[in-house]
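These notes concern the structure reproduced below.
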Amino acid sequence: MSEEGGFGISFVEKFFGLLVLVVGVLISYFTFTSIDVLGAFTGFFGFLSIALGVLGLVMMTAKTE
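Encoded structure:
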């Protein structure tokens with residue numbers, strides 16, 4: 183198959199990685215600034231937000247072949 187479409191796929195992957203990273207950081211910020219409202223669920227949402235941040239970083243640094 184042709185290798186011409188490789189740049190577009192790589193760009194989209196990096197863009198979605200950046201988007202996921204930004205969403206993870208925003209969720210993390212709002213989670214840890216409203217600890218008193220979330221109560222027992224702070225750890226759960228904190229873990230999810232950190233996981234999204236890590237996923238975004240992995241998507242941005244992954245090498246597409």
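In case it helps, the numbering used here puts the sequence shown at residues 183 to 247. All C-beta atoms, glycine included, are put in the ideal place defined by N, C-alpha and C.
Proximity of residue i and residue j at Cβ, strictly below 8 Å
i: Gly238; j: Leu203; result: yes
i: Gly206; j: Gly235; result: yes
Same chain only: Cβ atoms within 8 Å of residue i, ignoring 5 sequence neighbours per side
i: Leu220; result: Thr213 and Phe227
i: Ser216; result: none
i: Met183; result: Bear in mind that a pLDDT of 48 at Met183, under 50, signals an unreliable position, so the model cannot answer this.
i: Lys196; result: Met241 and Met242
Same chain, Cβ closer than 6 Å to residue i, five either side skipped, listed in chain order
i: Ser210; result: Ser231
i: Ser192; result: Thr246
i: Ala244; result: none
Span of the alpha helix (DSSP H) around residue i
i: Thr243; result: Thr224 to Thr243
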